[in-house]
Amino acid sequence: MFNIIGAIIAGLIVGALARFFYPGAVEMDFLTTILLGVGGSLLAGLVVHRGRPGVHRAGCLSSILGAMALILLGRVFL
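If you're matching positions, the sequence shown starts at 51 in my numbering and goes up one per residue.
This is the structure we're talking about:
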């Protein structure tokens with residue numbers, strides 16, 4: 051139960067920081083920001099741990115960079 055709450059809080063923080071550091075306006079609601087942060091953490095975990103499945107702590111900086119990469123991919127392909 052606390053792992054889920056911790057992932058939501060970490061996702062909110064990572065997503066908000068990624069939106070802050072990404073150049074230009076990034077308009078998202080609260081839930082999308084949380085999902086962006088969690089997705090960025092998962093993406094960073096996959097890249098840092100060479101594709102091994104599972105959730106790993108990739109570090110705050112790489113999670114923010116992963117979330118920023120997801121913003122970029124969303125803007126390019128959507």
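Beta carbons are placed, not taken as given, at the ideal position from N, Cα and C, and that holds for glycine.
Residue i burial status per 10 Å Cβ neighbour count (16 or more: buried)
i	result
Ile121	buried
Gly124	exposed
Cβ pair residue i, residue j closer than 8 Å
i	j	result
Gly90	Ala117	yes
Ala57	Val98	no
Leu86	Met78	yes
Phe71	Ile114	yes
Gly65	Thr83	yes
Residue i, enclosing alpha helix (DSSP H) - first and last residue
i	result
Gly124	110 to 127
Gly61	52 to 71
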